[in-house]
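Protein chains in written order, with the numbering used here: chain A, 2 to 255; chain B, 2 to 255; chain C, 3 to 189; chain D, 3 to 189; chain E, 187 to 554; chain F, 187 to 554; chain G, 9 to 85; chain H, 9 to 85.
In what follows, a single structure is set out as structure tokens and then discussed.
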Amino acid sequence: MSSNSNVIFSRPEAMHDTVTHYCPGCTHGIIHRLVAEALDELGVRDKAVGVAPVGCSVLIYNYINCDFMEAPHGRAPALATGFKRMRPDMTVFTYQGDGDLASIGMGEIVHAANRGEKFTTIFVNNAIYGMTGGQMAPTTMPQQITTTSPKGRDVSQVGYPIRMAEILSALVTPSYIERVAVHTPQHILKAKKAIYKAFKYQVEGRCYSMVEVLSTCPTNWGYTPQEATKWLADNMVPYYELKCFKDPEKTEGF
Amino acid sequence: MSSNSNVIFSRPEAMHDTVTHYCPGCTHGIIHRLVAEALDELGVRDKAVGVAPVGCSVLIYNYINCDFMEAPHGRAPALATGFKRMRPDMTVFTYQGDGDLASIGMGEIVHAANRGEKFTTIFVNNAIYGMTGGQMAPTTMPQQITTTSPKGRDVSQVGYPIRMAEILSALVTPSYIERVAVHTPQHILKAKKAIYKAFKYQVEGRCYSMVEVLSTCPTNWGYTPQEATKWLADNMVPYYELKCFKDPEKTEGF
Amino acid sequence: MEQYEVTFAGFGGQGIMTAGQLLAYSGIKEGKQVAWMPSYGPEMRGGTAYCTVVISDKRIGSPVVTNPKCICVFNRPSFDKFGPIVKPGGLFIVNSSLINVVSDRKDFTQFLVPGNEMALMAGNAKATNVVILGAFVGASNVVKLETVTETLKEKLGKKKDMLELNLRVLKEGYDLALETLGQKDSV
Amino acid sequence: MEQYEVTFAGFGGQGIMTAGQLLAYSGIKEGKQVAWMPSYGPEMRGGTAYCTVVISDKRIGSPVVTNPKCICVFNRPSFDKFGPIVKPGGLFIVNSSLINVVSDRKDFTQFLVPGNEMALMAGNAKATNVVILGAFVGASNVVKLETVTETLKEKLGKKKDMLELNLRVLKEGYDLALETLGQKDSV
Amino acid sequence: MKGNEAIAEAAIRAGAEGYFCYPITPQSEVAEYLTKRMPEVGGVFLQGESEVAVGNMLFGAASTGKRVFTTSSSPGISLMQESISYMAGAHLPAVLVNIMRGGPGLGGILPAQSDYFQAVKGGGHGDYRLLVLAPSTVQEAVDLMMLSFDLADKYRNPVMMIGDGMIGQMMEAVEFPEEKEIKRNNPDESDWAVNGAKDRKPRIIKSLFLDPHQLEDNSWLLDDKYEQMKREEVRYELYKVNAKNKLLIVSYGTMARICQTVIDELESEGISVGLFRPITLYPYPMKELKKEAVKKNIKTVLTVEMSTAQMLEDVERSILGKKQIEFFGRTGGIVPTPDEVKSKVLELIKPKKKAKTSEKKKRGKNVK
Amino acid sequence: MKGNEAIAEAAIRAGAEGYFCYPITPQSEVAEYLTKRMPEVGGVFLQGESEVAVGNMLFGAASTGKRVFTTSSSPGISLMQESISYMAGAHLPAVLVNIMRGGPGLGGILPAQSDYFQAVKGGGHGDYRLLVLAPSTVQEAVDLMMLSFDLADKYRNPVMMIGDGMIGQMMEAVEFPEEKEIKRNNPDESDWAVNGAKDRKPRIIKSLFLDPHQLEDNSWLLDDKYEQMKREEVRYELYKVNAKNKLLIVSYGTMARICQTVIDELESEGISVGLFRPITLYPYPMKELKKEAVKKNIKTVLTVEMSTAQMLEDVERSILGKKQIEFFGRTGGIVPTPDEVKSKVLELIKPKKKAKTSEKKKRGKNVK
Amino acid sequence: MPGIRIDKNHCKGCELCIRACPQNIISMSKEITVRGYYFAQVHDPSRCIGCQLCAIVCPDVAIEVIAHGTSYALIEY
Amino acid sequence: MPGIRIDKNHCKGCELCIRACPQNIISMSKEITVRGYYFAQVHDPSRCIGCQLCAIVCPDVAIEVIAHGTSYALIEY
Ligand SMILES: Cc1ncc(C[n+]2csc(CCOP(=O)(O)OP(=O)(O)O)c2C)c(N)n1
Ligand SMILES: Cc1ncc(C[n+]2csc(CCOP(=O)(O)OP(=O)(O)O)c2C)c(N)n1
Ligand code: SF4
Ligand code: SF4
Ligand code: SF4
Ligand code: SF4
Ligand code: SF4
Ligand code: SF4
Ligand SMILES: [Mg+2]
Ligand SMILES: [Mg+2]
């Protein structure tokens, strides 16, 4: 390339130049980038601390270039609470999968949101337990086949998928809650804005913020990456409505 | 009284003739009676099993005349799930306080409701930790003084009270969710109907059912029983809307 | 001073814990070793409540005492429960306002104090605990009356009326002890 | 029969675990003691995967073997990792389709099998693992070819085409071993 | 059959009717097997929302008097401690399997034996114990799994089987008892299970005793059961233990198998070493171990564990200073190779320098 | 000052800046005190939604490098086991207080010492230990509370102080160190705490090591700390231990005070008995106890606990069969009276019939 | 004639029935029970209309209501 | 002239960029990387419009986009 070329898209500074351990086409990688870009754009990388979940993204600290704590499965919001209360000057985020956040960590996320803890949650909903080999999650779609629902999720036995954005929005405490997806460039750009906003509200000390990101797990869904994005669009998006559920700009207080 | 008199109101059969350990005027006693009446009226006392919480009502098995299990704090829905899955022929209910259900037991109640477990929850919301001496609960009202919020609940620090009926209603899985109160005879009669219905739906194998009952704790609120009912009416009822939030009769499926 | 143990017993609301604490603070004020140990747990709701104060010049071993030297009982259930365990040769102070029986044990000093009546006459039945405390101090001489007076002043400093009334009944209880049991030396 | 240990190693997707399991089932079928032990854990994603089969007439001790008698490597990283640990005097089977180097150890038998090519020629590159398995059986004689054939029939009973192809490549691998290494007695 | 699947099938054959689980490596195959198998026998399979919930689902399910169990791995078992303590306090039979992985914390997923203390001394609060079994082969896992249900019923106490990833992942030939009709507990015959207060007084499954005398009675009642276990349930195995042994290895689970290989190798080199393998870790075969250890020919007792030394304490309590005790351990997912155990044995047997006392425990590898 | 309040104030004086809690009897006064006191010193008071959450809030808070703590009671501590194991694995300093109540299960709320194993042997999974301290007076609770923070920082390991309801509820005179300015940890000076990757590489607080060699190294690194604790932190007290003692009592916490009363009474009757009181329960004063126990004049060692026998195992490991060991215990909230301990002592001293060995542990009360 | 029976053993003197009674015929005793409570008494039994409101609010199920012949129908409040 | 750079070290061959490119100028290599993946290549660089869509969807941040002079404004899709 010639010397007067300028790079208009490249790896964000807050991201290490490391090859991830994610499967090909796994959209965890995209979401990582969006988080890193938000940290860069807000200039808070050097006072940020992430809380890694237990799940495929447990090694997120190998990819995002800021301080991290690694939480027990599901408890990231409790760690974030403990940390942020002691260090309100820092920018704290949890990055959690759906098994982590919606199953074992239900109590912690609901209460952190309800107390209005001033941290940000990036909630990666891929409708499955990725890391442990594809078991059913509370977010698994009706009829979806997993290793613990080999005949497909039977809603008469285990109920319907949990919609976390809706549940957290049912709380009275002000917060910023939005659901986005990363299966097309268009959606990714919207996701980027939401994640940026979530961090911004935190930096401004406004409220708890949570962005639910619909994500793919080609490996455990048993699809190619391309098929997986289509499956997400066809199955998840209709059930998991993509929208901003709650915004302190719009609804302030009770 | 003369011999042709007939008793039109008396202790239900499903209740032992025992003096409770509750404080004078504590409405736990009323709610116990309503549960016992529902068991009697549905004729299921001898195949019923209650799950006692940890809280003031931990000794409920001394008062209601059916089999019981005593759960760890907050875990009654998990016990009820384990039991009912093994014995779908029996009638299972949990009786839980707000500390028990809405704080430590958040994960278990949300998931049991979401799986659509076929048991009934009687949720006694008295806006405080009664048994341990009046600490703040997630349901404690804004500005309410407790031993761990001596200057009143500060919503900017710990958020707004959690409304469990609303949260459980945000789940897609069909269920019966109603909020009632027991501070006046009129409300008690409505509560009775709701509790009856909750058990009926279970006996019919329809759905999970939960009745949230606004209840008093004169001792820890620091009021006389009479003042307490008034405080409930003036403070809790406006925030905790009394209504049926979800009914399988009305909303079937997703 | 040898170790001295006293138990205050009654139902919740009779100021049992406070009586013990006032004594404990007074002991500390006099530079003594003191352990105040409440009963807690299921008894506290409804049943009897009690606390024990151990006062000594030396390091205190067990804060739990099987047979205290003195027991002050405020109601009938406590009378029944604690009467038998007063240390032989010890002191049994009975709130005769609410307890209309006497112990038939002969191996200790029994001292009847019409606590509620004295407090009521002074203006407030709630001060019964201080009457009994006064009686105990007078009968045992474990701490000085002046020390307890000081403690009361500190604790009730702001509430003038309350303080006055309490000081009055403390003294009355104390005097009753001296009258009934005669002047005693410090134990 | 003395105890025999064989490790299959390659990347995930090369049918490493299946090759080992087919061998293990065959050993069991012949009434032997068998332990199949996979590697699991972080290696499984991306890196190398391997499993070890121990076959013996007697009770098997450790299922984890430091220096197996035979190692079959399916790709280059496994070649590098496992070449050095084959037991001296043992057997090293190398999938020469993907590995274009040879070990310079002289203290064991090195046997190059163009697994992918043979499988591809038979119609499906995915059958590489069965080629290598056949080669191992031919080279080691630890179980009979017939037994493995039976095992394959059981496992693939329903999928006729697959079965046929697999039986074919199994035999081809086996024959290559006999050709290359000569007929051997049962170990 | 893979160990995890064998464990699952063994439970089915033992008449288990309820299985509650939460996914965790390296034992998720148990769930994946049972999600299909349980419905075939009309049993209950349920994946809970967390191990806290699963422990308590087990509690509720055990209260029916039917046979129920769960399987998990180290961090998951930590989350069950409260419910385990409750079940023990309420005299409930239930079977738990811990396929241990490296710890503490998130650790790793490779085989380890570092939850010995948690299982054997009681990870929860209060005076209770679990009956703890440790298989060393897949066949033994099957046998002990079936035994676990019997013992849980016999004592109305939770029973824990502990293994490691090797047991779970390994495939070995296994035999199950004849597959006649599976016998199950009949809740109607139970004199304690919760099954509806029809024509009888209500039954209360509980561990709260506000009267301390009752609570103490309950604790001593538990203690009586543990004393009975000590009399009746001690299990262990001797391997090549004889009068020529110069050294006695104490090791359990899969680690013991590795020691067997070492012993075989040493035997072929003319060095005689025996193995004492506890099968019940609680009750621990204290007398039996002492009996073997004090024999004249034994110079040293070597405890080998995949941990930084935990069972060692029970070996010390058994042998009471009568013999020198040495320790060799690897941990964190490292499985000691036969070779390194062997050289440890040789180092101890060959009377080079003065051997150290057990005070200074010897580790597999030095840090830094 | 009430014990619970004294503990709370001691933490403040020690420079604690964060307290996380969940209500549970008999220690709720700590929270009730700190909800007012913490804001006065600019610290954080937060009531969490459960002990599971609280354990993990502590984890997050400890990662700042500031001094943080929690207090709870038995079942609550059981729920913290996973987080404790994680904190230990991640080398975090944090202080936990367990005001023990009767168990197992819901048990009761009266004083007990039945969580000894949980605290000392590790209730969570993996190779880790807590440094465990046991005060016997309110003053000592204050002193040890302050020490706990120092030791937690020194070893970057969780420290647990265990007491019982007596310590928590009792009121005794206490002295605090001079109330000059409270000294606090400065996170900016820390070389491990998480405080923003400004001009340095990111710091990762973690316990996951996918490479088993690293995980093993971490475990041995922990072990090194525990060995150092054994060398540097052993604490105990002797009471009236002398050459005339016929019997040595081993007892800790408030139970030891009751034994002191017994010893005083016996002394006045001309019978000499000594008390060995461990203050650190981990590391346990093994050598020190052995030294006292083996002395010629000692015929018997009597372990007295408010449990069905837990510390007894460490006494056995210390004394290694060199002396007869007897046990006396009450549990479930029953506090042994001086009288019953005394008669136990007398029974052992007066050479009536042949005394039993420690094998048959003697209980305070027989069941049934 | 309708009427109520208050079980003084169960009554804890909370006074909720007093406020509930539309006839204002319940009041507190001057005596104290063994448990230390003043208890509820009907001071004018003749005016009882058997409406059950007192019984409905009693947390201790201390009140029985008796009707003669036909019972007063419990209307929905 | 705009263009992209694909870091073959990071590419895992998921093919998401291929579908995303409006110009259809990305395709898979025939070679395999050290990690065992086929990787993405631009087969017709001259047609690249610098729209960044490929880079946006790449889960492995393997793509850099270069513009000359003014950059193509990223419109909101
Ligand atoms: C207490 C505990 N339970 C279970 C596990 C095992 N485990 C690891 S990751 C995981 C779930 C991963 O699913 P999810 O949170 O959806 O993340 P994903 O991998 O799908 O991104 C589980 C159950 C654990 N490590 N700890
Ligand atoms: C694990 C655990 N944590 C805490 C406690 C202490 N505890 C007993 S009851 C209770 C809460 C009671 O409040 P609530 O559930 O609202 O019932 P209420 O008494 O108000 O009816 C708590 C925290 C416990 N027993 N177990
Ligand atoms: S298993 Fe699923 S979520 Fe995990 S890295 Fe692979 S594709 Fe992504
Ligand atoms: S403390 Fe409150 S909830 Fe508990 S019995 Fe008393 S009034 Fe009722
Ligand atoms: S039944 Fe009605 S009228 Fe009669 S006492 Fe009760 S409330 Fe009053
Ligand atoms: S409502 Fe019941 S408990 Fe209360 S005063 Fe009336 S009768 Fe007594
Ligand atoms: S920048 Fe746009 S046109 Fe260029 S290669 Fe990428 S997607 Fe295609
Ligand atoms: S999207 Fe990225 S990883 Fe996927 S093929 Fe294209 S360049 Fe490679
Ligand atoms: Mg997921
Ligand atoms: Mg409550």
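Where a beta carbon is used, it is the ideal one built from N, C-alpha and C, also for glycine.
Query	Result
Taking just the CA atoms, how far does Met137 of chain B sit from Leu24 of chain C?	30 Å
For ligand 3, is there a heavy atom less than 7 Å away from the beta-carbon of Gly141 of chain A?	Contrary to the premise, residue 141 of chain A reads as Thr rather than Gly in this sequence. Checking the Cβ of Thr141 of chain A against ligand 3 gives no.
Roughly how many angstroms lie between the CA atoms of Glu358 of chain E and Leu165 of chain D, to the nearest whole one?	25 Å
Anything in chain A within Cβ reach of Arg27 of chain H, meaning under 7 Å, just list it in chain order.	Gln227
Suppose the cutoff is 8 Å on Cβ atoms and the five residues either side in sequence are ignored; what does the same chain contact list for Tyr62 of chain B look like?	Gly51, Ala53, Phe69, Glu71
So, is the C-beta of Thr174 of chain A closer than 8 Å to a C-beta in chain B?	yes
Taking 8 Å as the cut-off, decide whether the C-beta atoms of Leu433 of chain E and Leu534 of chain E are in contact.	yes
DSSP state of Thr494 of chain F, grouped into three classes?	coil
If you run the structure through DSSP and keep just helix, strand and coil, what is Lys128 of chain C?	helix
Quick one: give me the first and last residue of the beta strand (DSSP E) that Phe13 of chain D is part of.	6-13
Just to confirm, are Gly136 of chain C and Tyr176 of chain C a CB contact at a threshold of 8 Å?	yes
Does the beta-carbon of Val103 of chain C have 16 or more other beta-carbons within 10 angstroms, so that it is buried, or is it exposed?	exposed
Three-state secondary structure (DSSP) at His76 of chain H?	strand
Indicate whether the contact test is met: 3 or more Cβ pairs, each with one atom in the region 89-99 of chain C and one in the region 384-397 of chain F, closer than 8 Å.	no
At a Cβ cut of 8 Å, what residues of the region 48-72 of chain H count as close to chain K, listed as they run along the chain?	The structure shown has no chain K; the protein chains it does contain are A, B, C, D, E, F, G and H.
Would the region 13-25 of chain B and the region 40-48 of chain B be scored as touching if the rule is three or more Cβ pairs under 8 Å?	yes
At a CB distance below 7 Å, what residues from the region 342-373 of chain E approach chain B? Give them in sequence order.	none
Cβ closer than 8 Å: which chain F residues qualify as neighbours of Met446 of chain E?	Note on identity: in this sequence residue 446 of chain E is Gln, with Met being the wrong assignment. Per Cβ cutoff of 8 Å: no residues; Gln446 of chain E is ~23 Å from chain F at best.
Using a Cβ-Cβ distance under 8 Å, would Glu195 of chain F count as near chain A?	no
What does Thr257 of chain F reach in chain C if we use C-beta pairs closer than 7 Å?	Residues of chain C passing the Cβ test: none, with the nearest at roughly 16 Å.
What residues sit near ligand 6, counting only those whose C-beta is closer than 7 Å to one of its heavy atoms, in chain order?	B:Pro25, B:Gly26, G:Ile14, G:His18, G:Cys19, G:Lys20, G:Gly21, G:Cys22, G:Glu23, G:Leu24, G:Cys25, G:Ile26, G:Ile34, G:Phe47, G:Ala48, G:Cys62, G:Val65, G:Cys66, G:Pro67, G:Asp68, G:Ala70, G:Ile71
Would you report the Cα separation of Arg86 of chain B and Val230 of chain E, rounded to the nearest angstrom?	7 Å
Under 8 Å, with one C-beta from each stretch per pair, do the region 183-193 of chain A and the region 135-152 of chain A reach the 3-pair mark?	no
Use the C-beta contact count for Pro10 of chain G: other C-beta atoms within 10 angstroms, 16 or more gives buried, fewer gives exposed.	buried
Please check the pair Leu278 of chain E and Pro344 of chain E, which I expect to be a contact at CB under 8 Å, by giving their CB distance rounded to whole angstroms.	7 Å
Let me check understanding here. Comparing Cα to Cα, which of A:Met142, A:Phe200, A:Thr220 lies closest to Gly14 of chain D?	A:Thr220
From this set, F:Ile348, F:Ile295, F:Glu326, F:Ala298, which residue's C-alpha is nearest Val318 of chain F's C-alpha?	F:Ile348
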